[in-house]
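For reference, the structure discussed in these notes is given below.
Residue numbers (our numbering): 123 to 213.
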């Protein structure tokens with residue numbers, strides 16, 4: 123578990139969220155199928171299937187990709203971050 127305190131916000135990563143009562147979870151990444159058609163099906167199944175749909179899509183045998191949400195004040199800074207990422211992982 124990790125707890126980060128910034129100004130008037132507390133961020134917790136781990137199981138503590140289940141014990142705090144009312145919380146607001148914010149996703150910073152998504153793991154989705156790499157294939158665009160499967161990705162569309164994935165979102166539809168997740169939306170209408172709820173928990174059963176979620177459990178079923180987790181078992182799909184396909185290539186997956188991680189989408190990380192980062193926010194930047196400008197497009198130039200986002201491009202700079204993308205280049206840093208590509209250089210770091212030699213992609």
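Even for Gly, the Cβ is constructed at its ideal location relative to N, Cα and C.
Taking the C-beta atoms as reference points, residue 194 is found no nearer than 9 Å to residue 180. Going by DSSP, residue 182 is part of no beta strand (DSSP E) at all; its letter is neither H nor E.
Under DSSP, the beta-bridge partners assigned to residue 126 are 133. Taken atom to atom, the span from the alpha-carbon of residue 176 to that of residue 125 is near 27 Å. The beta carbons of residue 182 and residue 153 sit about 11 Å from each other, so the pair does not count as a contact at 8 Å.
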